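Numbering (the working numbering), first residue to last: 18 to 408.
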Amino acid sequence: SVDILCSFWEGRRAKMSSSNGGDEDWSKMPPVIHAMIHEDEIALDPDADSLLPILRKSAAPEIWHKHGHFYSHLHDVWHMLCAWKQPQAVCRLGLFHSAYSNSFVSMNLYNPDTPAGRAELQDVIGAAAEEFVWKFCVINRQEMEQDALNTGKIPAEGKDFAHIRTGEAVHCSAAEIGVFLVETLADYQDQSFGWQSEMEAGHTDAIWPGLFKPTLRMSKVSKLAVVAKEYGHLEVVPPIFTNCSTILTEQNELEARDLYWSAVSEGSAGKQDDLIAKLTRASELNPFVAEPHAVRAQLLMQKGDWSRAADAAKSGLRLFYEWATQWDNRMPFTAWVSWTRCILLQSSFQEWPSTHGGMESLGAVHPSQKFRKLNDGRSFGEKPKAEEVEK
């Protein structure tokens, strides 16, 4: 298996652990991930009960946005920034990053052009967060991103951007641009999947939602992450991409995505070893995504290779917990985390079902939740007996 060095929130290095004990208890979720999955929003922001209803009462839950609605996007970007231990004002920027409309979207909740409109949002999220939101919403985000990608840095003196509606100069310090890039990392990673990648490759007539292949935007995101860390004066460096210090090449991203997609698109019967090899290679090429580990863990469980399955599940969980989002958007983050924890639990029992009923009776992620044995006796997938076929 692949040894992937990534950071946890406190900045410590975690390395791939053995299933034989003496390491992290991966059956337990980190507190922030526990709060996300249990929808304990107050644990993420003490004012969540006043912040979230504002967005829920707006048009955001009705507005289409990539693979969901706009409220879920704002909410999940906020979750990611909280999981990355960003300052409260940065997290609130993520939650309200389109409150004044911006250069990418047209909806707005508040009027950014009047003192009264800005004061209204300041009362909700605080002056520091509102300043971030206002600047983020009135500068040309594409210009900001391209500057970072083309030059590989942020000017030490910051930059003056033209207001997208009035043309007036809006000065952003290097630290503010660093904050905006961190928000952009979460923004892209939450909403991106293969449909956008198809359009970016020139297929602008691509049918939504398409096959739902994973995104090909991670290389770009990794480059923005490195620039943010090196030049953005970040208070807290996100743990992704080895503490924002590693660039994923476009070639490696594409090859890893294609290997993963090939593996999950094939039937596994009699092919476990070949699929495991593809997924292992995918993880070598892109060591920043969890799903190849999670799928490999299931295949290893099918083979009864309990120790390696546990290692693969732990590697997947570590990456899920670092990112606080999924890469394969066919299933939501909560489903991926629960499924991978379920595999890890079953590896400790050295048990994996081989019938339809057994598979559907899976679900427990902790020994305390397993009330009885799996229902291996129930199966709608059994072949009919010869005498039944004759009848």
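Using N, Cα and C, we set each Cβ at its ideal position, and we do this for glycine too. Source: prediction; values computed, not measured.
TODO: Could you spell out the range, first to last residue, of the alpha helix (DSSP H) harbouring A294?
DONE: Reading the sequence shown from its first residue, position 277 is the one you call residue 294. Per DSSP, A294 belongs to the alpha helix (DSSP H) from 289-302.
Open item on the list: Quick check on G38: does DSSP put it in helix, strand or coil?
Closed with: The residue given as residue 38 occupies position 21 in the sequence shown. With a pLDDT of only 35 at G38, under 50, the local geometry of the prediction cannot be trusted, and no value is derived from it.
- [ ] Classify W356 as buried or exposed, calling it buried when 16 or more other Cβ atoms lie within 10 Å of its own Cβ.
- [x] Start at 1 with the first residue of the sequence shown, and residue 356 comes out as number 339. Buried is the label assigned to W356, since at least 16 other Cβ atoms lie within 10 Å of its Cβ.
- [ ] Keeping to the same chain, check which residues put their C-beta closer than 7 Å to that of H180; ignore five residues upstream and five downstream.
- [x] Stepping through the sequence shown from its first residue, residue 180 is reached at position 163. Cβ neighbours of H180 beyond the five flanking positions: V155, V187.
TODO: For the beta strand (DSSP E) containing A60, list its first residue and its last residue.
DONE: Against the sequence shown, residue 60 aligns to sequence position 43. Careful: A60 lies outside any beta strand (DSSP E) and carries neither H nor E.
- [ ] Quick one: grab the DSSP three-state call for R389.
- [x] For the purposes of this step, residue 389 is identified with residue 372 of the sequence shown, where counting begins at 1. Coil, per DSSP.
TODO: Grab me the residues of I171's own chain with a C-beta within less than 7 Å of its C-beta, minus the 5 sequence neighbours each way, in chain order.
DONE: Within the sequence shown, the letter at position 154 stands for residue 171. Counting only residues of its own chain and dropping the five nearest sequence neighbours on each side, I171 has a CB closer than 7 Å to the CB of A165, A191, I194, G195, V244, Y248, G249.
Open item on the list: For D66, report the span of its alpha helix (DSSP H) as first-last.
Closed with: For the purposes of this step, residue 66 is taken as residue 49 along the sequence shown, with counting starting at 1. Looking at the DSSP string, the run of the alpha helix (DSSP H) that includes D66 is 65-73.
TODO: Would you tell me roughly how many angstroms separate the C-alpha atoms of C7 and L336, rounded to the nearest one?
DONE: This structure does not reach residue 7, given that the chain is present from 18 up to 408, and the question cannot be answered.
TODO: Can you grab the Cα-Cα spacing for the pair M46 / T259, in whole Å?
DONE: As a working mapping, residue 46 is identified with position 29 in the sequence shown. As a working mapping, residue 259 is identified with position 242 in the sequence shown. Straight-line Cα distance between these residues: approximately 20 Å.
TODO: Can you tell me which of the three DSSP states R274 falls into?
DONE: Taking the first residue of the sequence shown as 1, we reach residue 274 at position 257. Reduced to three states, the DSSP call for R274 is helix.
Open item on the list: Among I142, D130, V312, A106, whose alpha-carbon lies nearest the alpha-carbon of F197?
Closed with: As a working mapping, residue 197 is identified with position 180 in the sequence shown. The option with the nearest alpha carbon to F197 is A106.
Task: Where the alpha helix (DSSP H) containing F153 begins and where it ends - done: For the purposes of this step, residue 153 is taken as residue 136 along the sequence shown, with counting starting at 1. Taken as a continuous stretch (DSSP letters only), the alpha helix (DSSP H) holding F153 covers 144-155.
Task: Coarse secondary structure for G394, derived from DSSP in three states - done: As a position in the sequence shown, residue 394 is number 377, starting the count at 1. If DSSP states are grouped into helix, strand and coil, G394 belongs with coil.
Task: Inter-residue spacing [alpha-carbon to alpha-carbon] between G321 and W369 - done: Here residue 321 corresponds to residue number 304 of the sequence shown, with the count starting at 1. Here residue 369 corresponds to residue number 352 of the sequence shown, with the count starting at 1. Taking the straight line joining both Cα atoms gives about 8 Å.
Open item on the list: Here's a check: name, in chain order, each residue in its chain whose Cβ is nearer than 6 Å to the Cβ of L391, leaving out the five neighbours to either side.
Closed with: Taking the sequence shown and counting its residues from 1, the one referred to as residue 391 is at position 374. Cβ within range, chain order: P370, G375, S378.
Open item on the list: Check this for me: beta carbons of A203 and L68, under 8 Å apart or not?
Closed with: Locating residue 203 in the sequence shown gives position 186, counting from the first residue. Locating residue 68 in the sequence shown gives position 51, counting from the first residue. Cβ distance not < 8 Å, so A203 and L68 don't count as in contact.
Task: 4-residue-minimum alpha helix (DSSP H) runs that sit fully inside the region 87-138, ordered along the chain - done: 87-100, 105-112
Task: Anticipated Cβ contact below 8 Å, M318 with E270, distance rounded - done: Residue 318 sits at position 301 when you count from the first residue of the sequence shown. Residue 270 sits at position 253 when you count from the first residue of the sequence shown. Not confirmed; about 28 Å, so no contact.
Task: Stretch-stretch touch, CB-based, cutoff 8 Å, three pairs: the region 215-234 with the region 357-367 - done: no
Open item on the list: So, with DSSP's three-state summary, where would you put K176?
Closed with: To locate residue 176, count along the sequence shown from 1; it is residue 159. Strand, per DSSP.
Open item on the list: Closer than 8 Å is the cut-off here; do at least three beta carbon pairs connect the region 303-317 with the region 341-361?
Closed with: yes
- [ ] Kindly list the residues whose CB is nearer than 7 Å to the CB of R135, restricted to its own chain and excluding five residues on each side of it in sequence; keep chain order.
- [x] Working through the sequence shown from its first residue, we reach residue 135 at position 118. Around R135: P129, E147, W151.
Open item on the list: At the level of alpha carbons, what is the spacing between Q386 and Q289?
Closed with: Against the sequence shown, residue 386 aligns to sequence position 369. Against the sequence shown, residue 289 aligns to sequence position 272. The alpha-carbon separation between Q386 and Q289 amounts to approximately 29 Å.
TODO: Note down, in chain order, each residue of its chain lying with its Cβ closer than 6 Å to the Cβ of G333, except the 5 sequence neighbours on either side.
DONE: Walking along the sequence shown from the start, residue 333 turns up at place 316. Apart from sequence neighbours up to five positions away, the residues of its chain that approach G333 with a beta-carbon distance below 6 Å are A307, H310, A311, T357, ordered along the chain.
Task: CA nearest to the CA of F153, picked from E160, R109, H114, K176 - done: Taking the first residue of the sequence shown as position 1, residue 153 is located at position 136. The option with the nearest alpha carbon to F153 is H114.
- [ ] Using the Cα positions of K331 and L296, report the straight-line distance between them to the nearest angstrom.
- [x] Looking up residue 331 in the sequence shown gives position 314. Looking up residue 296 in the sequence shown gives position 279. Each residue's alpha carbon lies about 15 Å from the other.
- [ ] Determine the burial state of W212: buried for a count of at least 16 other Cβ atoms within 10 Å of its Cβ, exposed for fewer.
- [x] For the purposes of this step, residue 212 is taken as residue 195 along the sequence shown, with counting starting at 1. W212 is buried by the Cβ-count criterion.
- [ ] Provide the residue(s) that pair with V187 in DSSP beta bridges, ordered along the chain.
- [x] If you number the sequence shown from 1, residue 187 lands on position 170. The partner list for V187 (beta bridge, DSSP) reads F178.
Open item on the list: Short of 6 Å in beta carbon distance, which residues of its chain neighbour I411, apart from the five on each side in sequence? Order them along the chain.
Closed with: Absent from the structure is residue 411, since the part of the chain shown begins at 18 and ends at 408.
- [ ] Quick one: give me the first and last residue of the alpha helix (DSSP H) that P256 is part of.
- [x] Position 239 of the sequence shown, counted from the start, is the residue given in the question as residue 256. No alpha helix (DSSP H) holds P256; DSSP gives it neither H nor E.
Open item on the list: Just verifying my parser: in three-state terms, what is the DSSP assignment at L82?
Closed with: For the purposes of this step, residue 82 is taken as the residue at position 65 of the sequence shown. Per the sequence shown, residue 82 should be read as His rather than Leu. If DSSP states are grouped into helix, strand and coil, H82 belongs with the strands.
Task: Element boundaries [alpha helix (DSSP H), containing N346] - done: For the purposes of this step, residue 346 is identified with residue 329 of the sequence shown, where counting begins at 1. In the DSSP annotation of this structure, N346 is not part of any alpha helix (DSSP H), being labelled neither H nor E.
TODO: Can you say whether S324 is buried or exposed, counting buried as having 16 or more other CB atoms within 10 angstroms of its CB?
DONE: Translated into the one-based positions of the sequence shown, residue 324 becomes position 307. Exposed: under 16 other Cβ atoms inside 10 Å.
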